[in-house]
Structures are given as structure tokens and as C-alpha cells.
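Beneath this line is the structure, given in C-alpha cells, with notes to follow.
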Amino acid sequence: MFTVLYRHVHASAGPTSSTWRLKKILASLIAIGALSSVTATGTLALLSSQASNARSSVASGTLTFDNTVNTGTACYSYSGPSSPGNVNTSCQALITSSTLNYPGVAITPVKVTITNDGSIGAAALSVYMPSCTAGPTPGAPSPGGADPCAASGAQFYIQETTSSGTPTTCWFPSAAGACTFVASSLHVFAINANSMTSALTLGSGPAHGQARYFQIGMELPSTASNALQGEEAVFGLTWHIST
Amino acid sequence: MSLRELKALLLFLMAIGAAAYFGGGATFASFSAETTNPGSAVASGTLTMSDQVNSTTACLSAGSTAANNVNPACAAVLTLTNVAPGVYGGVAQVTVQNTGSIDASKFYFWAPQVNATLNAALTNGNSVTSLTVTALEGTVTSGDSIVVNYGTHTQTFVANAAASGGATSISVTSLAANFSYPIGTIVSDTSSNTSATNTDCYDVKTTTPGTTGASKGTDLNFNPVTGNPFCGAALLFVQETTGAKNYCWLGKGSSPEAASGMCSAPISVNLTSALSTGGAITSLPVTPALNGNVASGDSIVVSSGSNTQTFTASAAASFGATSISVSSLTPNFAYPTTSTVTDSTTLSALNPDQTDTITNFDTAHNTVGKIQLFPVTANGTVDNAAPVELSHFNNGTYSRIFQVGVYLPAPSGINQNPLQGLQSTFGITWHIDQ
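These protein sequence lines are chains A and B, in that order. With this note's numbering, letter number 121 in the first sequence gets 244, and the count goes up by one each step, no holes. With this note's numbering, letter number 84 in the second sequence gets 104, and the count goes up by one each step, no holes.
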């Protein structure tokens, strides 16, 4: 409507006439009207209301453990390199070559304590032997040349005990209660439980803050030949927990 | 008619008007009557809301010091600790209520921008080079636009350095304050929520162990926080349960919307009463009330120590249910009340999920992709043409209830050790419009 009126005035009046003043007034009204229509939606404020639930938090727990040999220093799973992480391959050896074995005489069992020092319970514990490598005993004058990792070589067991050392379960070679030495057991374990996928399952746990106690036994069979003299078996045990 | 004639006509009309004005009182009849309606008043209504987490004190939109009906600091929905992959996380109930006198035609929720509030006032005219804030929710990147807002006053600063999540100051390019912004003024990073690195959700290493004496995030060297990996792995769902009608607004089950309206929400409950091996059962009584959903056909696992048995759900059950209907089966053990009851079907469905993460909520459903909460008319069904989405106080549906939950999935074959000892912090914003 404003536009039509503006055109009519424009067609019939000059710039100095009174109609020119009227024209300017009407033009101003057009401008105001147009501005109003354009800005109306922004000017008429709608009501709104808002609330935010801030700082919700979700924190993950930790699944870590430590491994203590006899009365040594605890070795933490998370003290290894950052990659792959939570893997520590530098914990204390169970047995050194200075511990000499003689046929039919077992070494003093080595105590290994696995303690869950994380905040999450472990659903599974397992152990495996990545490798067993034979070689001459350092300093031995005349190695016999046989392989203690091979069949008829050294004997080996993994015994679980109470915290006070009372046998509870013989995990390898599998038996109830106390372990006994079985022929070729180091060889059997080394070839059958040599990776994570073939690891020996040791049941569930430990729960967070809890520990499980093991003893590792070694012995040369009483029937060992002279060929096993001056030979050593180098092996490791890898312990693994998971949720 | 010429201009001269028009002027003459107008002068004539003016003369008549003047005569009528001055002479009218004497001209009209002496009888008269008159009434007046004095004191008319026009009062505006209110549009305010409250937000209540579980049974805590309701938080009011008008209850903040920001003076703009925006409350940025309502209670955290969830505070979960010691979360493990593949294990039930947690859920909380949020009740949003229109406490005002005006209907809300629109009701939304979204992921807030990186935000905080001023912890030290600004003075009008004074140069500002740093904003002292409450613990920053999210990460600020150098160059981001930092907006302060108090009532009708607002000003945009530019960050000239990065600020980590939890930081208490933001360095900005020098600018004179255009108002004396008080403590409590809302501070928002309007450049945020565009990628995993600048979301409202941010990760830090835990500084306290999940259980007393245990290892904590800062003890570990294999759990970097770069890129907020925990925000990018933890799954978030929001399911409405108003009036016992379900609708999955966010999470697995929302896109496409499940016919049942139920999100894939894990459960973790115990038995209300022990099971007997004496005969078949068709229902598992559970306590507390169900804290997730069960779909018909789901595998329901009852465990106690080394004993376990899987039942098959014969009907759906949702939040608040006190029993789960199962196909007839005789328990294989006298499961005590301490037995745990879980839904392995739901966990299996969620474990591979890399979509419904908190990070994706922040980047896809921020102020741009906000989620409009149409009224739920039946399970899995909404009325997207309804003129009112949250009625005014004490009228109709003026209160709506939501279940908000988080679950850390355990994807098969993926080492999740890098997620150990991390904490994600995030927010959710609820908003109504007239």
C-alpha cells in the first residue's frame, strides 16, 4: 500500500512543492514500515529457559599387577615401556645359572607372588613360557652337549599355594594338591604353552588388592645322563591377567 | 480535486471540528453518564524450568547468577568411577520440569560448547588479557572465540593460547570489557565441538585410584589423553520414560528409532529372591528396579561364583521393572539373592558400537544439531506437530523424565589398555522456548 501511494505522489509533484514535503513524509513512513516489517522477528523476543548438567564424569579403573620373586622387589606391569604398555619384560629372573642342579635333587622352589594392584578385578590369570633355550652353563669346563629343554631334560612344575606356602593346586603338571616332578615336564610345558594363545589358564582372579601365590619347582631327573652336565636351560615365564 | 480545493475543504472541516469542540458541552442534552475502568495492568508470564538429577535438589534455570534464565551449572548427571570395558557403567534419571506459567512450544537437549563461568569479575572499560574461570569443561584452542554473557550483555574475546580441560584461566587478546561482568557470568567457546580434540567432553588421567591403594591413571605411561580417547570410546544414551512411554533420543536404538522406543541399555541387578532348583520358572525377580532395558528374546545371564545360567527373555522389560519374564526353565543352581543378572545380548550389541560415543554427541548434537524433544505418544512414537512440548507448570505434561547412561564397550580384538585410568568430563544442556 505504501508503495502505490508513493508512486502516485512522485508522478504529480516537483521537488519544491508542498507535495514534495508530503512525499518525503510518506517516504519516511514507508521506510519505517519496511524497517518494522524486516526487524519484527528480531525485535519481538521469545522467552526461553535453559539449564545444563555440567561436569558429569566417567572414570575408568586400572588393571595392573606386580610380580614378586621370593622376597625381592615388586615388579610392576605398568613400569615397562609406554608401547605396547602395561607389559614389563624386565622383571627378576626366577632362577640363575649359579643355582646348580644335580640329578634327583630339586632346587628350593621359587616363590612368585602375583598381586593385583589395579582397581579392577582380573577375570583370568594365565602363564606361558615364550621360549626355552639350551646352552652351556657359563664357566662349565666340559658341557655334555644335551638339551635340558628337550624331552628327558629338566623337570618343572607350577604349584599354587596359600600365602603361607601350603600347596593348594598343582597347575602343571595338572594335579590336585601338591605337585610332583614328571619326566620331560619342562619340555612339555615349553612347547605347549609358549604364547598367549596357548597359555596355561590359572583360573580367575586375583581380585583387585588380592594376591595369588605360586612356587616354581625345577629338578634334573635322577636318571639324567652325563650329557646334561654343564648345560643350562634359559627360559622365562610370562604372567598375564585380563578382564 | 486541486490542492487549493483540498485546502479549502480541510479548513472547512477544521472549523466544524472547532465549533463542536468548544460548543459541544452546551449544545448536547444536560443528561449524561460516565464510567471509568481504572488500574488496568498487564503482567507477563514466566518461562522457567527445573532440572533434577535422581532425587537431588532441583536446579532452577533462573537460579544462576548469569541473570539470563540460563543455569550452566546444574548437578552432574553421572559420576562414575572405576569403569571397566564390557561391564555395566551407570545410569541416572533426569527430570526436566516447566516451572513457569507459559507453555514451551519447543524443548531441546544438546551438547554444550566448551564452557565455564567467570571466577573473577571484569570491570567495564578495563583491559582484559585473561579470563579467570571455574574449571573449564573442554579444551580451548588458540584463536577460538570466547563469548562472555551476562543478562543482555555479551562480549567476544579471542583466545591467544590453548587452555586444557579443567584449566582455570583463558588467555585472550587484550580487549576492554564493555560491561562489568560479575562472577558467575557464562563463558563459552563458540569455536568448539567441531572435532574430537575440542569437544566439551575432555579426558584427563585419574589422580585418585578407583579403589583404595590401587594404581591410578597418573601412574601409567600407556594412557595418553591426546584426542580425548575415552570420550571417543564411552557410549552415551538418553532415553525418555515419561508416563511409562519409551523413546530413545540418543544412543543405539535412536537411529533408526527402535519400535519399542528402548535404547540398548545394559542392566546390572541382583535377584530379589533366591531361585530354587525344584522346578521351572518363568520370571526373574530383580532388585533394584531394572536399570536398563531387556528386549524380548535377549539372553539373560544369572551368575553366582562359578555357577551361571542363561535364560531367554520372553517379553520386553524397561527401566523400573521389578521382574524379567523368561521362557520356562529350571534353575541349574539355587542362585542366592547376591547373584548378578545381566543381559548379554545388549552387551554384545553395544561392544562393537563406535558411533554412539560422547564425542559424537558433542560434534553432531551441539547447538547446531540440537535434538528436539517432541512429545512421546507411544513407545517409539512422537507427535512432531504438537504445539506444546512442555506444558506450563501444573498443567498437562509439564514434567518429562529421561534416563541418561554411559557404557564402556569391550570391542573384540582391540586392546583397550590405553583407556585405563582416564576420566571423561562432559555436560548436557536442556532448553525450552516459548
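In this text, a Cβ means the ideal position worked out from N, Cα and C, and glycines have one as well. Quantities reported herein were computed from a predicted structural model and do not represent experimental measurements.
Report the option in B/T205, B/V62 and B/N327 whose CA atom is closest to the CA atom of B/T172. That would be B/T205, whose Cα lies nearest to the Cα of B/T172.
| task | Please check if any C-beta of chain A sits within less than 7 angstroms of the C-beta of B/S288. | result | Among the residues facing chain A, B/S288 is not included, as its CB has no counterpart in that chain under 7 angstroms away.
task = For the stretch 170–199 of chain A, enumerate the residues whose C-beta is nearer than 7 angstroms to any C-beta of chain B, in chain order.
result = The stretch 170–199 of chain A vs chain B, Cβ under 7 angstroms: L170, S171, S172, Q173, A174, S175, N176, A177, R178, S179, S180, V181, A182, S183, G184, T185, L186 and T187.
Item checked: Neighbouring residues, chain A, relative to B/L67 (Cβ below 8 angstroms) -> Neighbours of B/L67 across chain A, judged by C-beta separation under 8 angstroms: L170, S171 and S172.
Checklist entry - Mind checking A/S135: buried by the 16 CB within 10 Å criterion, or exposed? => result In this prediction, A/S135 scores a pLDDT of 40, lower than 50, which makes its location untrustworthy; the coordinate-derived value is nonetheless stated afterwards. Looking at its Cβ environment, which holds fewer than 16 other Cβ atoms inside 10 Å, A/S135 is exposed.
| message | Can you list, in chain order, the residues of its chain with a C-beta nearer than 6 angstroms to that of B/A315? Leave out the 5 residues immediately preceding and following it. | response | Excluding sequence positions up to five before and after B/A315, its CB lies within less than 6 angstroms of the CB of A336, all in the same chain and listed in chain order.
**Asked** Does the distance from the C-beta atom of B/V167 to that of B/T137 stay below 7 angstroms?
**Response** It is not a contact, given that the beta carbons lie outside the stated cut-off.
Exercise. Roughly how far, in whole angstroms, is the beta-carbon of B/K265 from the beta-carbon of B/G281, given that I think they are within contact range, below 8 angstroms?
Worked result: Contact between B/K265 and B/G281 holds, with the beta-carbon distance rounding to 7 angstroms and staying under 8 angstroms.
Flag A/L351 as yes if its beta-carbon sits less than 7 angstroms from any beta-carbon of chain B, otherwise no. Not closer than 7 angstroms to any Cβ of chain B, the Cβ of A/L351 fails to qualify, so no.
### Message
In this structure, how does DSSP classify B/Q443 when only helix, strand and coil are distinguished?
### Response
Strand, per DSSP.
- Starting from B/I190, follow the beta strand (DSSP E) in both directions and report where the run begins and ends. Element bounds for B/I190: S189 to A196.
Practice problem: Decide if B/D220 is buried, meaning its Cβ has at least 16 other Cβ atoms within 10 Å, or exposed. | Solution: The residue is buried, with at least 16 neighbouring Cβ atoms inside 10 Å.
*CA-to-CA distance, A/G244 to A/N209, given in whole angstroms*: A direct Cα-to-Cα measurement between A/N209 and A/G244 gives close to 16 angstroms.
Can you tell me whether B/L367 is helix, strand or coil according to DSSP? B/L367: helix per DSSP, three-state reduction.
Identify the residues that DSSP records as bridge partners of B/L304: which are they?
-> Its beta-bridge partners are B/I344.
Assigned secondary structure, A/N349 (DSSP; H/G/I helix, E/B strand, else coil): A/N349: helix per DSSP, three-state reduction.
Bridge partners for B/L410 per DSSP, in chain order?
B/L410 pairs with B/A124.
Beta-carbon contacts of A/V305 that lie in its chain and below 7 angstroms, excluding the five residues immediately before and after: Q278 and P296.
Extent of the continuous beta strand (DSSP E) to which A/S180 belongs: Residues S171 to S183.
Q. Whose C-alpha, out of B/N57, B/T56, B/T55 and B/G65, is nearest the C-alpha of B/H412?
A. The residue with the shortest Cα to Cα distance from B/H412 is B/G65.
Same chain only: Cβ atoms within 6 angstroms of B/L284, ignoring 5 sequence neighbours per side: Reading off the sequence shown, one finds Ser at residue 284 of chain B, where the question assumed Leu. Excluding sequence neighbours, B/S284 sits near K272, G273, T366, A369 and L370.
Exercise. What's the C-alpha gap between A/G353 and A/P344?
Worked result: Each residue's Cα considered, the two are about 15 angstroms apart.
- prompt: Does the beta carbon of A/Y251 come closer than 7 angstroms to any beta carbon on chain B?
  reply: No, A/Y251 lies away from the interface with chain B (no Cβ there is under 7 angstroms from its Cβ).
### Message
Cutting at 8 angstroms between CB atoms, please list the residues of its own chain near B/P356, excluding the five before and the five after it.
### Response
Taken in chain order, the residues that qualify are L291, A294 and S324.
Which residues share a DSSP beta bridge with A/E354? A/E354 is bridged to A/P259.
Indicate whether at least one CB of chain B lies closer than 7 angstroms to the CB of A/V357. It does not; no Cβ of chain B falls within 7 angstroms.
**Prompt:** CB B/S444 to CB B/C251, shorter than 7 angstroms?
**Reply:** Taking 7 angstroms as the Cβ cut-off, B/S444 and B/C251 qualify as a contacting pair.
- When DSSP labels each residue in this structure, what does A/V132 get in the three-state scheme? Interpretation of A/V132 is limited by its pLDDT of 32, a score under 50 that renders its predicted location unreliable; the figure taken from the coordinates is listed afterwards. Of the three classes helix, strand and coil, the one that applies to A/V132 here is helix, per DSSP.
Check your understanding: In chain order, what residues of the stretch 260–281 of chain A put their CB closer than 7 angstroms to some CB of chain B?
Key -> None of the residues of the stretch 260–281 of chain A has a beta carbon lying less than 7 angstroms from any beta carbon of chain B.
Since A/I314 is in the alpha helix (DSSP H), which residue starts that stretch and which ends it? According to the DSSP assignment, A/I314 belongs to the alpha helix (DSSP H) that extends over S308 to N315.
*Pick from A/M341, A/Y336 and A/P329: whose alpha carbon is nearest that of A/V192?*
Of A/M341, A/Y336 and A/P329, the smallest CA-CA separation from A/V192 is found for A/Y336.
Worksheet item: Name the chain A residues that come within less than 9 angstroms of B/D453, Cβ to Cβ?
Response: Those within 9 angstroms of B/D453 in chain A are L169, L170, S171 and S172.
By the three-class DSSP mapping on this structure, what secondary structure does B/P132 have? In the three-state scheme derived from DSSP, where H, G and I count as helix and E and B as strand, B/P132 is classed as coil.
Opening and closing residue of the beta strand (DSSP E) in which B/N91 lies
Here the beta strand (DSSP E) through B/N91 covers V90 to C94.
Give the interface partners of B/G204 over in chain A, defined as CB-CB distance under 8 angstroms, in chain order. Neighbourhood of B/G204 in chain A, by CB distance below 8 angstroms: empty, with the nearest CB roughly 13 angstroms away.
Worksheet item: Terminal residues of the continuous beta strand (DSSP E) containing B/A384?
Response: Looking at the DSSP string, B/A384 is not in any beta strand (DSSP E); the run it does join, the alpha helix (DSSP H), is I378 to A384.
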